[in-house]
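Q: Please find one structure pasted underneath; my questions will follow.
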Amino acid sequence: MKLSREEVEHVALLARLQLSEEEVELYTEQLNSILGYAEMLQKLNTDQVSPTAHAVQLFNVLREDEVKPSMSQDKILMNAPDEEDGFFRVPRIV
Amino acid sequence: MPIFKSLEELHHMLVNKEISCVELTRSYLDYIDSADSRVKAFLTVTADSALMKAAKVDKKIAGGESLGSLEGLPMAMKDNMCTEGIPTTCGSRILENFNPPYDATVTERLKASGAVLLGKLNMDEFAMGSSTENSGYHPTANPWDLESVPGGSSGGSAACVAAREVPFALGSDTGGSIRQPAAFCGVVGLKPTYGAVSRYGLVAFASSLDQIGPLTTNVRDNALVLNAIAGHDPKDSTSVPFVKPDYTRFLENDVKGLKIGIPDEYFASGLNSDVAEVIQKAIRTFESLGAEIERCSLPHTEFAMPAYYIIAPAECSSNLARYDGVRYGYRAEADDMIEMFKKTREKGFGQEVKRRIMLGTYALSSGYYDAYYLKAQKVRTLIKQDFDRAFAKYDVLLSPTAPTTAYKIGEKSDPLAMYMGDVYTIPVNLAGLPAISVPAGFVDGMPVGMQLISKHFEEGMLYKAAYAFEQNTEYYHQVPALLKEVR
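These protein sequences, in sequence, are chains F and C.
First residue of the first sequence: 20, per this note's numbering; consecutive thereafter.
First residue of the second sequence: 361, per this note's numbering; consecutive thereafter.
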């Protein structure tokens, strides 16, 4: 599988990354190199193998459904690049 | 000079009133002032809050109250752990102005233990890198040779401990990011079992692999710090409820009958021959101490790197989606939302981070998920099974931590070549195992690290082996020449 320049541009859009012409060029080459290296995984037959998402077995972690104090609105907004009336302010959407 | 003392020695100095906590803190801050202009390990120095905390400890001492084992002792943290009101940048420009509104659990626990935070440490941006050259701020230097890298991504943590700017620091390890810099800088670095230390408040990179751990100048100090930070945390759903032992009780100078496996695959091509010789000598040391040494095989080792470089970027692309300029961090100005997201992320992230986001987004995208991500997760199972088989026979596995010693800043520009530096540490993260790097010797004046790996939650076994090795060698007593120059 070889990644084309257009595919790299499409992936950048999916990842919400604006890339310069040079970056598209560079990443097309580098991603192909890394994915080419990852191709070696195909040498292994894993048809009968289950995937491991977490190395240490975990079960659902549930707590009592009790209301607990949450962070204050002031604290949540303290790092906001822009805010107004208790909301995060962003450029116009519609 | 207090900077050469162990945590226990510093504790005794405080308890015996040989030095006040304010004097101790000030002496470290003064030393950081002179040494860090060369090492560049710190991103933020928290002098004022440190001195205030120290004054409180002095009040306690004056009042005749007893001190905890870390109380009043200086420390620093990698800048990807949240510290309320203290900037946490994760080595990235995108978080340049971020002041967390809460503490990470490790921060809370260290605060509760009474340790004194002297500052936050440099790192590869979002912990992606193996050299600390990928910081959004500046590279950190290796105290043993200021032209060499300290390793990464916890390069700031390893370098500041090696330069004795603090007696202990916390780092985080996703593919070797505590152990590899510990090896390059000649200090002790432990990556605990996945789930043994809470990740709540650790800025996430690859959530199924990340683990916080201590870096220290010796094994006993390491165990003392783990005592303070390990243990179940209900705030982290991946934290495992387990009975935490007192890790210092494993520190006995006796490895008679300890079964040590030496995996053939960790001594294959790519390993520098001088590093190999140092590790062979370390193996002979264990043999002379009565450990039982045997060669063994972890047959899927060569597949760990490619599996990791699919899994870690996939998780990173998902975790880093939150940096969009809306709620915190840098925001680029734009007329519409999508443009704002794209420009914010373009300007805020560095090259390595963008490369991994691209790689991960691709590996998770429709039509490629099975071929890359699912395949890698299946290979992860095979790697884990290799270890399970080995640990049915051995207490500990022994290998080099890294294939080479620290290289020069700027020497490696090809990402794949850089990734190869983690070839012996990555399998451990995929399997969620604990592993420690301890100083094992030198090649051309640069430190070499030995890695010991054990079963899940058997950190005590690692400390036992590492301590015996340390007590029968002299490597950890050696300090970089830099210390003589800046003293």
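C-beta: ideal position from N, C-alpha, C; glycine also.
Because the structure is a prediction, the values reported are computed rather than measured.
Could you give the residue range of the alpha helix (DSSP H) that holds G515 of chain C?
A: Segment G515 to A522, the alpha helix (DSSP H) holding G515 of chain C.
Q: What do you reckon, is the C-beta of I786 of chain C under 7 Å from a heavy atom of the ligand MG?
A: For the ligand MG, the structure offers nothing, since it holds no ligand at all.
Q: Which residue or residues does DSSP assign as beta-bridge partners of G621 of chain C?
A: According to DSSP, which records beta bridges pairwise, G621 of chain C is partnered with C:E654 and C:L757.
Q: Determine, using beta carbons only, whether S23 of chain F comes closer than 8 Å to chain C.
A: So, not an interface residue.
Q: Using the beta-carbon count (16 or more within 10 Å), is Q92 of chain F buried or exposed?
A: Exposed, because fewer than 16 other Cβ atoms sit within 10 Å of the Cβ of Q92 of chain F.
Q: DSSP state of G573 of chain C, grouped into three classes?
A: Residue state, collapsed to three classes: strand.
Q: Please list, in chain order, all residues of the same chain as S558 of chain C whose beta carbon is under 6 Å from its beta carbon, the five residues on each side excluded.
A: If we look at S558 of chain C and ignore the five residues flanking it on each side, its Cβ neighbours are T465, D593, D596 and S599.
Q: By the criterion of Cβ-Cβ separation under 7 Å, what are the contact partners of K480 of chain C in chain F?
A: Per Cβ cutoff of 7 Å: no residues; K480 of chain C is ~16 Å from chain F at best.
Q: Sort out for me which residues DSSP pairs E102 of chain F with in a bridge.
A: DSSP output for E102 of chain F lists F:F107 as bridge partner(s).
Q: Which one of C:S380, C:G479 and C:G424 has the shortest CA to CA distance from D408 of chain C?
A: The shortest Cα separation from D408 of chain C among C:S380, C:G479 and C:G424 belongs to C:G479.
Q: Should T721 of chain C be flagged as near chain F, meaning a C-beta pair shorter than 8 Å?
A: Yes, contact with chain F.
Q: How many Å lie between Y554 of chain C and H816 of chain C at the Cα?
A: Rounded to the nearest angstrom, the two C-alpha atoms are 8 Å apart.
Q: So, using beta-carbon positions, are G428 of chain C and A414 of chain C closer together than 8 Å?
A: No. Outside cutoff.
Q: What are the boundary residues of the beta strand (DSSP E) that includes V548 of chain C?
A: V548 to K551 is the span of the beta strand (DSSP E), which, as asked, contains V548 of chain C.
Q: With DSSP run on the structure shown, which of helix, strand or coil describes N440 of chain C?
A: Note: N440 of chain C maps to coil in three-state DSSP.
Q: From A422 of chain C to L430 of chain C, what does the alpha carbon distance come to, in whole angstroms?
A: When rounded, the distance between both Cα atoms is 17 Å.
Q: State the start and end residues of the unbroken alpha helix (DSSP H) segment that holds M665 of chain C.
A: A664 to N679 is the span of the alpha helix (DSSP H), which, as asked, contains M665 of chain C.
Q: Which runs of the beta strand (DSSP E), 3 residues or longer, sit entirely within the region 800-825 of chain C?
A: 806-813, all fully within the region 800-825 of chain C.
Q: In the DSSP assignment, find the alpha helix (DSSP H) that holds A57 of chain F and state where it starts and stops.
A: Here the alpha helix (DSSP H) through A57 of chain F covers E40 to A57.
Q: For the region 91-108 of chain F, list every residue whose C-beta sits within 8 Å of some C-beta in chain C, in sequence order.
A: Within the region 91-108 of chain F, the residues whose Cβ lies closer than 8 Å to some Cβ of chain C are K94, I95, M97, N98, A99, P100, D101 and F107, listed in chain order.
Q: Can you say whether Q49 of chain F is buried or exposed, counting buried as having 16 or more other CB atoms within 10 angstroms of its CB?
A: Per the 10 Å Cβ criterion, buried.
Q: So what does DSSP say about M435 of chain C, is it helix, strand or coil?
A: Correct three-state label for M435 of chain C: strand.
Q: Could you check how far apart the C-beta atoms of G424 of chain C and D439 of chain C are, in whole angstroms? I think they sit under 8 Å.
A: Wrong, their Cβ atoms sit about 37 Å apart, outside the cutoff.
Q: Run down chain C in chain order and give the residues with a C-beta less than 8 Å from the C-beta of H70 of chain F.
A: Position check: residue 70 of chain F holds Pro in this sequence, whereas His was assumed. The contacting residues are L734, Q737, K738, R740 and T741.
Q: Hey, is M441 of chain C's beta-carbon within less than 8 Å of any beta-carbon in chain F?
A: Judged by the 8 Å Cβ criterion, M441 of chain C is not in contact with chain F.
Q: Quick one: Cα of G685 of chain C to Cα of S678 of chain C, how far?
A: About 16 Å.
Q: Work out the CA separation of H660 of chain C and L70 of chain F for me, nearest whole Å.
A: Looking at the sequence provided, one finds Pro at residue 70 of chain F rather than Leu. Taking the straight line joining both Cα atoms gives about 15 Å.
Q: Could you tell me which residues DSSP pairs with T404 of chain C in its beta bridges?
A: DSSP output for T404 of chain C lists C:K480 as bridge partner(s).
Q: I need the boundaries of the beta strand (DSSP E) containing L430 of chain C, first residue and last residue.
A: Careful: L430 of chain C lies outside any beta strand (DSSP E) and carries neither H nor E.
Q: How big is the Cα-Cα spacing for G561 of chain C and L36 of chain F?
A: Approximately 26 Å between the Cα atoms of the pair.
Q: Going by the CB atoms, is the gap between P503 of chain C and A523 of chain C shorter than 8 Å?
A: Their beta carbons are under 8 Å apart, which means A523 of chain C touches P503 of chain C by this criterion.
Q: Taking Y688 of chain C as the query, report the chain F residues whose CB atoms sit under 8 Å from its CB, ordered along the chain.
A: Near Y688 of chain C (Cβ distances below 8 Å), the residues of chain F are N98, A99 and P100.
Q: Hey, how far is the Cα of P840 of chain C from the Cα of I796 of chain C?
A: Spanning the two alpha carbons is a distance of roughly 21 Å.
Q: When DSSP labels each residue in this structure, what does G781 of chain C get in the three-state scheme?
A: Correct three-state label for G781 of chain C: helix.
Q: Please determine, among C:K377, C:T443 and C:Y823, the residue with the shortest C-alpha to C-alpha distance to L618 of chain C.
A: The option with the nearest alpha carbon to L618 of chain C is C:Y823.
Q: Relative to chain F, which residues along the region 584-602 of chain C have a C-beta separation below 7 Å, given in chain order?
A: Under the 7 Å Cβ criterion, the region 584-602 of chain C contributes P594, S597, T598 and V600.
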